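Converting from the sequence shown to the numbering used here requires adding 56 to each position, the first position being numbered 1. All C-beta atoms in this analysis are idealised placements derived from N, C-alpha and C, irrespective of residue type, glycine included. For clarity, every value in this text was computed on a predicted model and none was experimentally measured. Only one structure is covered here, and it is reproduced in the block below.
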Amino acid sequence: MSTVIIERIKKEIEGLKLDQVSEEIGVVRAVGDGIAEIGGLDNAQMMEMVVFDDSEGKSLEEGIENDSVLYGLILNLEEELVKAVVLGDSTRVMEDMKVKRTGKLLSIPVGEDIVGRVVNPLGEPIDGKGAVERKKDMPIERVAYGVMERSGVNEPIHTGIKSIDSMIPIGRGQRELIIGDRGTGKTTIAVDTIINQKYEPEESRPICIYVAIGQKQSKTAGIVGKLEEAGAMEYTTVISTSASEPSPLLFLAPFAGAAIGEYFMEQGKDVLVIFDDLSKHAVAYRQMSLLLRRPPGREAYPGDIFYLHSRLLERSAKLSDALGGGSITALPIIETQEGDVSAYIPTNVISITDGQIFLEQDLFNKGIRPALNVGISVSRVGSAAQTKAMKKVSGKIRLELAQFRELEAFMQFAGDMDDETKARIESGQKFTELLKQPQNQPVPFYKQ
């Protein structure tokens, strides 16, 4: 009798499931301006995703495709609590609401399908064409590749803009800043560069990523329309954040662009990323930092504003052949006020990038488009990537144009000119006319 009981007890013990699931759950102590103060998350990490528990009891995995899941991102770790920014509608967050840790750092789902789509900074499609197939999660924040993992810039990326391809060549893996006042044609240069990639052979054609940071929705829709019309959306992804969205999403947008770029770069492909524009990105980060009660510095920007842009732009690279030889070329855009290139954010980004294309309001108003100031514009590493044929043709253009602009300014005060000066001015005027180009009509390299 006793053996039967013992056997039964043994069976019962074997059938017991002792899988304990432990979840760390915190509570919202206070919420305001899109920032939630959360207590009870003692083991939380910086840049970790948390879920605000108003998702109707769904688990995190079930709720990923569901709009009802509300995420937060931990950005401040303090003694008694953590501060998280709400990635979405912050009016849904209430005091005493439960908050679950996910144990995952912020990442974006990527796959081959993401090409040709319009997504938000969390990788969710916003073009109404259905879900994107998730092949891999790429971390939004990541340490850039080291020196030994990179190779030199030696292949050109053709913009289709004669004045840039001849005088300020851009190489694959380079970071070239486009800087100028509002309405001087910065976005036009970026969009023309994307459109021009359709003339590249398919095997070497870069995948393009256009990141709209805090732009008007009508402007972004117009750009997507232009790209579709030109047949460029086939190899382009657009990451869109509008001016009405919360600052955390604007802060994440360029990092999401870099993460998608790294996914394709690691497959040995070339990628072109455009950040339009980093001035609005800096303003969004300043707003977020002030709300998180971080100490302000110059122009009320936080102390790590330089590090924000340097760690982003350092992720563009030309990888060594051992790692597949892929590349990310970055074209960040900065908007200046009254042509002031020596302001805080412009000087920061100029010092991080490998050169800048400076667009001038006066030239634009004269009808010289692209309104390129040849004197200040420079490409520090692009000449190594320029083709021999283009080098031969364009050798003296830059110097002649720079001299012509100086002479032109001087001749407003001088009366008569000698023959040599007249010849220089005529030559400069011819070059200026030659390099003018209409909008959205890039010239393929073989025609240049």
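Simplified DSSP assignment, three categories, for residue i
| i | result |
| --- | --- |
| Phe487 | helix |
| Arg231 | strand |
| Ile226 | coil |
| Ser274 | helix |
| Phe414 | strand |
| Val499 | coil |
| Pro351 | coil |
| Asn252 | helix |
| Ser300 | coil |
| Phe311 | helix |
| Val247 | helix |
| Gly159 | strand |
| Ala187 | coil |
| Phe108 | strand |
| Val257 | Correcting the residue identity first, residue 257 is Pro in this sequence and not Val. Looking at Pro257 - three-state DSSP - the assignment turns out to be coil, as it is neither helix nor strand. |
| Ala140 | strand |
| Tyr319 | helix |
| Arg64 | helix |
| Ser383 | strand |
| Thr59 | helix |
| Lys492 | coil |
| Arg238 | coil |
| Ile130 | strand |
| Val84 | strand |
| Lys447 | helix |
| Arg206 | strand |
| Ser435 | strand |
| Tyr357 | coil |
| Gly395 | coil |
| Val174 | strand |
| Gly375 | A small correction: the amino acid at residue 375 is Leu; Gly does not occupy that position in the sequence shown. The answer is strand: DSSP assigns Leu375 an E or B state. |
Contact under 8 Å by Cβ, residue i with residue j
| i | j | result |
| --- | --- | --- |
| Gln253 | Leu328 | yes |
| Leu415 | Ala427 | yes |
| Val149 | Val84 | yes |
| Val397 | Gly411 | no |
| Lys156 | Val87 | no |
| Gly438 | Gly381 | no |
| Lys272 | Ala246 | no |
| Met344 | Val142 | no |
| Ile481 | Phe466 | no |
| Thr2 | Met103 | Lying outside 57 to 504, the shown extent of the chain, residue 2 is not represented and no answer is given. |
Among the options, the one whose alpha carbon lies nearest that of residue i
| i | options | result |
| --- | --- | --- |
| Ala441 | Pro257, Ala373, Gln230 | Gln230 |
| Gly128 | Val203, Glu136, Lys154, Lys478 | Lys154 |
| Thr409 | Leu455, Thr385, Ile61 | Thr385 |
| Asp360 | Leu308, Ser372, Gly381, Ala338 | Ala338 |
| Asp248 | Met289, Asn210, Glu211, Pro257 | Met289 |
| Phe487 | Arg454, Met467, Pro500, Asn496 | Arg454 |
| Glu258 | Pro310, Asp326, Ile269, Glu322 | Asp326 |
| Leu233 | Gln485, Gln493, Ser372 | Ser372 |
| Leu368 | Phe311, Ile251, Ile432 | Phe311 |
| Thr240 | Asn210, Ala479, Gln493, Asn421 | Asn421 |
| Lys282 | Ser303, Glu256, Ile251, Phe307 | Ile251 |
| Gly395 | Pro304, Pro352, Arg238, Arg480 | Arg238 |
| Leu463 | Val449, Lys452, Lys478 | Lys478 |
| Val175 | Phe466, Ser335, Ser78, Leu308 | Leu308 |
| Glu495 | Ala140, Ser124, Ser219, Thr244 | Looking at the sequence provided, one finds Gln at residue 495 rather than Glu. Ranking Ala140, Ser124, Ser219, Thr244 by Cα distance to Gln495 puts Thr244 first. |
| Ala458 | Gly484, Phe469, Asp472 | Gly484 |
| Val449 | Glu482, Pro388, Leu364, Met223 | Met223 |
| Glu322 | Gly423, Pro302, Met194, Leu162 | Met194 |
| Val209 | Gly227, Val203, Ser219 | Gly227 |
| Ile196 | Ile413, Gly313, His365, Ser335 | Gly313 |
| Leu379 | Lys336, Glu318, Arg349, Arg350 | Glu318 |
| Glu79 | Glu70, Glu63, Leu97, Ile65 | Leu97 |
| Leu126 | Gln497, Ala92, Asp475 | Ala92 |
| Gln497 | Ala286, Lys275, Glu489 | Ala286 |
| Glu211 | Leu490, Phe469, Thr443, Asp474 | Thr443 |
| Leu364 | Val203, Val199, Leu347 | Val199 |
Cβ separation of residue i and residue j, assumed to be a contact under 8 Å, to the nearest whole Å
| i | j | result |
| --- | --- | --- |
| Leu305 | Pro165 | Not a contact, Cβ separation roughly 16 Å. |
| Tyr255 | Pro500 | 4 Å |
| Pro402 | Ile390 | 5 Å |
| Ile269 | Asp183 | That belief does not hold up - the Cβ atoms of Ile269 and Asp183 are roughly 18 Å apart, past 8 Å. |
| Gly90 | Ser124 | So it is not a contact: roughly 18 Å between Cβ atoms. |
| Ile330 | Leu387 | 5 Å |
| Lys94 | Gln493 | In the sequence as displayed, the identity of residue 94 is Ile instead of Lys. The pair is not a contact, with the Cβ atoms about 53 Å apart (cut-off 8 Å). |
| Ser303 | Ala340 | 4 Å |
| Thr392 | Ile220 | 19 Å between Cβ atoms; not a contact. |
| Leu131 | Ala100 | In fact, because the Cβ distance is near 11 Å, the residues do not count as touching under 8 Å. |
Proximity test, Cβ basis, 8 Å: residue i and chain D
| i | result |
| --- | --- |
| Val209 | Chain labels in this structure do not include chain D; a single protein chain is all it has. |
Legend entry - Three CB pairs or more closer than 8 Å across the region 258–273 and the region 287–299: By the Cβ test, the region 258–273 is in contact with the region 287–299, since at least three Cβ pairs between them sit closer than 8 Å.
Inset, instruction - Tell me, please, whether the region 185–197 touches the region 161–174 by the rule of three or more beta-carbon pairs shorter than 8 Å. - result: Yes, the region 185–197 touches the region 161–174.
Inset, instruction - Could you tell me whether the region 419–437 touches the region 351–367, where touching means 3 or more Cβ pairs closer than 8 Å? - result: Output reads no: the region 351–367 does not touch the region 419–437.
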